[in-house]
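First the structure, in the form of structure tokens, and then the observations on it.
Residue numbers (UniProt numbering): 1 to 236.
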């Protein structure tokens, strides 16, 4: 399948980077599926295999890109995952897809999985340019997911951490985050996964560790900012 590198600008002037896939041969303009990966994942986490499946079996183009602050896309701090911004970026990606010469601008679909699966449900509800939504195992409630994946006995300590009331060394994550960032210091960071399911991480389960570590692409770093941990509660 033909693939080419692309870059486009968001409404707040960040550059996001990705790939455009097309079928080997086609006539006229194509519908386009716009996709980005799930939580903390680069497009190199096999996102291309989904895109290639679409373009191998259907007369469609695919725009697959990295979220801001991750992978090849711009944005600081690195690996800061804010749902509202990722949702906004989907709409900017749609705008870019509509500008592609091979794309039928009125035939746009969006695809997401897990974290981004929740995003596309929101985008599809508010962006009238979207004609189809493909949402795989979507995260539909950040609050519910937080309480479901973390052990009940860890919730009080995590809540204290979010309130800046937890000693920094208790969870071994560095300085208390909000005040430190206000002073211009580097953000505190949290592992995405850990081999020990009882250790502090965003996804504290053996399955998550196996899933993320089974095909780590070059350049992937196993952490996100602590601010992301609080931002998940806005995913409802």
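For every residue, glycine included, the Cβ atom is placed at its ideal position computed from N, Cα and C.
For residue j and residue i, the rounded distance between their alpha carbons
{"i": "residue 118", "j": "residue 190", "result": "22 angstroms"}
{"i": "residue 237", "j": "residue 129", "result": "It is not possible to answer for residue 237, since the shown part of the chain is limited to 1 through 236."}
{"i": "residue 24", "j": "residue 100", "result": "17 angstroms"}
{"i": "residue 111", "j": "residue 52", "result": "13 angstroms"}
{"i": "residue 131", "j": "residue 144", "result": "29 angstroms"}
{"i": "residue 205", "j": "residue 194", "result": "8 angstroms"}
{"i": "residue 66", "j": "residue 16", "result": "7 angstroms"}
{"i": "residue 47", "j": "residue 31", "result": "19 angstroms"}
{"i": "residue 5", "j": "residue 72", "result": "11 angstroms"}
{"i": "residue 228", "j": "residue 81", "result": "5 angstroms"}
{"i": "residue 122", "j": "residue 184", "result": "33 angstroms"}
{"i": "residue 188", "j": "residue 180", "result": "8 angstroms"}
{"i": "residue 50", "j": "residue 79", "result": "23 angstroms"}
{"i": "residue 126", "j": "residue 14", "result": "22 angstroms"}
{"i": "residue 177", "j": "residue 152", "result": "23 angstroms"}
{"i": "residue 57", "j": "residue 3", "result": "16 angstroms"}
Cut-off 8 angstroms between Cβ atoms - residues of its own chain near residue i, not counting five sequence neighbours on either side
{"i": "residue 76", "result": "69"}
{"i": "residue 141", "result": "235 and 236"}
{"i": "residue 147", "result": "155"}
{"i": "residue 43", "result": "18, 19, 36, 37, 64, 65, 66, 71 and 72"}
{"i": "residue 245", "result": "In the structure as shown, the chain begins at 1 and stops at 236. Residue 245 is therefore absent and cannot be evaluated."}
Beta-carbon gap between residue i and residue j smaller than 9 angstroms
{"i": "residue 18", "j": "residue 61", "result": "no"}
{"i": "residue 94", "j": "residue 108", "result": "yes"}
{"i": "residue 209", "j": "residue 217", "result": "no"}
{"i": "residue 104", "j": "residue 28", "result": "yes"}
{"i": "residue 247", "j": "residue 84", "result": "No statement about residue 247 is possible, as the shown extent of the chain runs from 1 to 236 and does not include it."}
{"i": "residue 150", "j": "residue 158", "result": "yes"}
{"i": "residue 215", "j": "residue 96", "result": "no"}
{"i": "residue 74", "j": "residue 36", "result": "no"}
{"i": "residue 115", "j": "residue 235", "result": "yes"}
{"i": "residue 203", "j": "residue 212", "result": "yes"}
{"i": "residue 33", "j": "residue 54", "result": "yes"}
Contact set for residue i: own chain, Cβ-Cβ below 6 angstroms, skip 5 residues either direction
{"i": "residue 154", "result": "none"}
{"i": "residue 40", "result": "192 and 224"}
{"i": "residue 98", "result": "105"}
{"i": "residue 233", "result": "142 and 143"}
Residues sharing a beta bridge with residue i, DSSP
{"i": "residue 136", "result": "113"}
{"i": "residue 32", "result": "61 and 108"}
{"i": "residue 18", "result": "6 and 65"}
{"i": "residue 228", "result": "According to DSSP, which records beta bridges pairwise, residue 228 is partnered with nothing at all."}
{"i": "residue 189", "result": "225"}
{"i": "residue 130", "result": "108"}
{"i": "residue 103", "result": "30"}
Supposed contact pair residue j and residue i - C-beta distance, whole angstroms, cut 8 angstroms
{"i": "residue 38", "j": "residue 113", "result": "5 angstroms"}
{"i": "residue 124", "j": "residue 133", "result": "4 angstroms"}
{"i": "residue 21", "j": "residue 59", "result": "That belief does not hold up - the Cβ atoms of residue 21 and residue 59 are roughly 12 angstroms apart, past 8 angstroms."}
Same chain only: Cβ atoms within 7 angstroms of residue i, ignoring 5 sequence neighbours per side
{"i": "residue 135", "result": "112, 117, 120 and 121"}
{"i": "residue 102", "result": "22, 29, 30 and 61"}
{"i": "residue 186", "result": "none"}
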